[in-house]
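Let me begin by presenting the structure, written as structure tokens, before commenting on it.
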Amino acid sequence: MKLLSRKAGCDSHGQDSSYFLGWQEYEKNPYDQVRNPTGIIQMGLAENQLSFDLIESWLEKNPEPAGFKSHGELIFRELALFQDYNGLPAFKNALADFMSEIRGNKVSFDPNNLVLTAGATSANETLVFCIADPGEAFLLPTPYYPGFDRDLRWRTGVEIIPIHCTSSNGFRITETALEEAYEAAQKRNLKVKGVLITNPSNPLGTTLTQIELDLLVGFISDKQIHLISDEIYSGTVFSQPSFVSVMEMVDSADAELSKRVHIVYSLSKDLGLPGFRVGAIYSNDEVVVAAATKMSSFGLVSSHTQYLLAAMLADRNFTGHYISENRKRLKQRQEMLKSGLGRTGIRCLESNAGLFCWVDMRNLLASKTFEAEMELWKKIVYEVGLNVSPGSSCHCAEPGWFRVCFANVSEETLGLAVERITSFVESTTRRSVNNSRRRSLRRWVSRLSFDGREPDDR
Amino acid sequence: MKLLSRKATCNSHGQDSSYFLGWQEYEKNPYHDVRNPKGIIQMGLAENQLSFDLLEWWLANNPDAAGFRRDGQSIFRELALFQDYHGLPAFKKAMVEFMSEIRGNKVSFDPAKLVLTAGATSANETLMFCLAEPGEAFLLPTPYYPGFDRDLKWRTGVEIVPIHCTSANSFRITESALNEANESALKRNLRVKGVLVTNPSNPLGTTLTWDELNLLVSFITTKNIHLISDEIYSGTVFSSPGFVSLMEVLKEKKYANNTEVWNRVHIVYSLSKDLGLPGFRVGAIYSNDEVVVSAATKMSSFGLVSSQTQYLLSAMLSDKKFTKNYISENQKRLKRRQEMLVSGLQTAGIECLKSNAGLFCWVDMRNLLRSETFDAEIELWKKIVYEVGLNISPGSSCHCSDPGWFRVCFANMSEETLNLAIQRLRNFVESCNPKNDHKSLKSSRRRSLTKWVFRLSFDGREPDER
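Keeping their order, the protein sequence lines are chains A and B.
Take this note's numbering: the final residue in the first sequence is number 458, and no numbers are missing along the way.
Take this note's numbering: the final residue in the second sequence is number 924, and no numbers are missing along the way.
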């Protein structure tokens, strides 16, 4: 008899993908300025390490919350015992306000509609458990975060159908692409329960346009399905156009539609606290909130952490300063990477958010194929010494794009990474220039020796 | 089209059971010694509030741990970024050593086989996902923790088939009960993937005997299935017989590493009961099967332990002087409270199942039932909640096969409150008695008096024993 479950033995956790394999290579040979200066630089990790000093300074000025104190009183016992899945009220209030602040106070969030979960990973899985049965499907625009293959599908049994976006229009979501994805699902006899978008996008680093949002709302309205907007990067929008949350779109008069729009949030990217496991689901549907709340039992946020962050986020002086300073620093880093790459002739998708650039290396491909992309990726990991994420790991429809993170390393390291790429591109260009010179020579020779037949163009 | 999933709209989360409804009544009218002295006393919450002072003392003397500092240096950034599902190495090491210490160092655990999860709730569900398909089943001895109906079944689609234990033999697991459960699963066309026991037991407060453990190991060996031992209360064993861990039994039976059975035994642990930290969400799965460890590790992504909390507790549990003192002092205090409740109930004519662990007593109120039915049990339970003002857990909510048993917690309130609760119950029992001459009172003094009176007035007929 088969002793373990299929889930335990299969690979739907998706962790054999190159996305994770690159990490493994990095682990074996990690760059260190002093100890291993020729090691691999980690540029595949979307972490925000730019603003810790702001948080550390707050902690120094406010030592009580971490020490379980409130106005001089020790509240350790209360926190130790607090396991209510409705969450610490002070924390939910502070989090709802913070989410509002990030959106320029253009929307407000009701803490009663907020469900706390151990990270966005847990939030996304929980929402899918609430909305879809095994065998049903969600549509996701590509390219998308590789982790979704595991988070949305593994234990839920739900399928992901891609909405193909391409560079021809800056990877924008189109009506055609939406309809095609929906039909593809129909053909496979999969009932579509909703669309899940990440806004701002990972890996693109762009915010959805008003047009795209209108399109999505129209689409889900028409098909009577759900829309989940993972807004985990909402605090990383550093330049125009400003962030428009799907919540802004939802007309409070259209109660039925608003019940089918849900947001996922987390403090892992904006505050750089992935280790603290703080995520949230926001929904206007009380049945979803009720079910998700009970399900959050399987991944509650430590009360120890809730209390600390409740104090931090309730400090509006801190949050106001943090949000704006953090944006500035992200913008500066993105520009550094963009211009650095630009000088070598490598362009990035125009982006205004996120902790990474979506980099166009199609020029460097030996051929317009995913095999060539893998080949190039391996060169970049092993020869250039940069762990970047190949577009294929994000289900990108076109080969040649790579996600390159800029906020998880120091400025010096980022500078070094740019230098390495520059050297690599120059050597590759020299090689291909030589090749094309050779090719021209060969052609000339062939024209002389044969009937003017051109060699195969590649 | 049905808009939400079946899971979202069904009630397999089990939260409509009386177990939770009693809590709701308490929430509406909670006891407070000053503000609401007539309110309902919460005795349905298995929390350990007896040893916080020890933890607070440690925190006061070790401020670095909560302050994100190690050897005077700030490690805030490292912790903020640490989301590795393999867990903080220092914490896993401290956890396995603590688990070992609780078992008198008779067994040792390998940190590489430990998977951290956000509480035992998450650990149990994760193990189900790893070991069983939807529609398959696990056998559980009754009575069992009501939360299992949600934790093991809800999102996994796995079934629970009860192993009926009764008061006839103090609720011990027997071979025939195991076999009957197995057959009943077969009749329902359910493939049994394993047995899950809670040891020490919730709600019984007893530790499994060597016989029971041997029986279980033989059973799973024969049937080629898994055995999960939820040892969340292992640190609350306060008197003999001591705690015998499943791992000890396997060692004794010489199931060396890598034999099949060794790989099919899994332990669940948590710091929620022993340390009284349910809010911190610290649970763990321990397994010798590397495929299970590997799958459970990846699944733990859905419920990792906050690195802030891992760090604090790694410092605390690495302090061996502290843990040694904590474990023994905590056990002493639990013992004292349990004795208070047991003897207090005895003066009210109520007996408890003889127990040596846990944060509660398994109380025999069959005498007070109007009839030997679950309807009568619920009637009695409602009286106790509304009239007596105690929220206790009726046996039926724990799937007990005999009506009349209740789980009463003793470690989640002050001594004064516990005494008040006992007083209220005593008053209630006394008020019950004049109504019903046939109910025999277990208090021996009263029984003797009654016998003597009867002997005088009737034909020497003994009143019904219950």
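Don't be surprised by glycine CBs; every beta carbon is placed ideally from N, CA and C.
Fair warning: this is a prediction, and the values are worked out from it, not measured in the lab.
In this structure, B:Thr614 is the residue among B:Lys782, B:Lys564, B:Arg795, B:Thr614 with its C-alpha nearest to the C-alpha of A:Lys7. For A:Glu47, the C-beta contacts it makes with chain B under 8 Å involve Leu539, in order along the chain. The beta carbon of B:Cys858 lies closer than 7 Å to those of Thr600, Pro601 in the same chain, with the five residues before and after it left out.
Per DSSP, the continuous beta strand (DSSP E) segment holding A:Phe138 begins and ends at 137-141. Taking a beta-carbon distance threshold of 9 Å, A:His321 does not count as an interface residue toward chain B. Per DSSP, A:Glu286 lies in no beta strand (DSSP E) segment; the continuous alpha helix (DSSP H) that holds it begins and ends at 286-295.
Contact of B:Pro736 with chain A by beta-carbon distance below 7 Å involves Leu81, Gln83. Annotation for A:Ile220: the continuous alpha helix (DSSP H) segment containing it runs 210-223. Around the beta carbon of A:Arg403, 16 or more other beta carbons sit within 10 angstroms, so the residue counts as buried.
Looking at the DSSP output, A:Asn36 sits in a beta bridge with A:Asp32.
Going by C-alpha positions, B:Val695 is about 6 Å away from B:Phe701. Between the C-alpha atoms of A:Leu376 and A:Cys130 there is a straight-line separation of about 41 Å.
The CB of B:Gly525 comes closer than 9 Å to the CB of Leu59, Pro63, Ala66, Gly67 in chain A, given here in chain order. Non-local C-beta neighbours of A:Arg329 in its own chain, meaning closer than 7 Å and more than five positions away in sequence, comprise Leu50, Ser51, ordered along the chain. In the DSSP assignment, the residues bridged to A:Thr117 are A:Gly279. Assignment of A:Thr156 by DSSP, reduced to helix, strand and coil, places it in the coil class.
Counting other Cβ atoms within 10 Å of its Cβ, B:Pro852 reaches 16 or more and is therefore classed as buried. Nearest in C-alpha terms to A:Phe406, of all of A:Thr209, A:Glu73, A:Ala353, is A:Ala353. For B:Leu883, the closest of B:Pro488, B:Leu462, B:Cys623, B:Ile499 by C-alpha to C-alpha distance is B:Ile499.
With respect to chain B, the C-beta atom of A:Gly9 has a partner C-beta closer than 9 Å. The beta carbons of B:Ile725 and B:Asp688 sit closer together than 9 Å. Taken in chain order, the complete alpha helix (DSSP H) segments of 4 or more residues contained in the segment 691-762 of chain B are 704-710, 748-757. Interface flag for B:Gln796 against chain A is unset, since no Cβ pair is found closer than 9 Å. With respect to the C-alpha of A:Gly194, the residue from A:Glu175, A:Lys28, A:Pro37, A:Glu159 having the closest C-alpha is A:Glu159. Fewer than three beta-carbon pairs drawn from the segment 208-217 of chain A and the segment 392-401 of chain A are found closer than 8 Å, and the two stretches are therefore not classed as touching. Secondary structure at B:Leu461: coil, using DSSP grouped into helix, strand and coil.
Bridge partners of A:Lys69 according to DSSP: A:Leu74.
When Cβ-Cβ separations below 9 Å define contact, A:Met43 makes no contact with chain B. Put simply, the CB of A:His262 is far from chain B, with every gap to its CB atoms at 9 Å or more.
Within chain B, the residues placing a beta-carbon under 8 Å from that of A:Cys130 are Leu462, Ser463, Lys465, Ala466, ordered along the chain. A:Arg430 sits in a helix when the DSSP states are folded into three classes.
Only buried fits B:Ala538, as 16 or more other CB atoms lie within 10 angstroms of its CB.
The three-state reading of DSSP puts A:Val244 in coil, since its state is none of H, G, I, E or B. At least 9 Å separates the CB of B:Trp820 from every CB of chain A.
The C-beta distance from B:Ser509 to B:Glu787 rounds to 7 Å, short enough to meet the 8 Å contact threshold.
Assignment of A:Ser339 by DSSP, reduced to helix, strand and coil, places it in the helix class.
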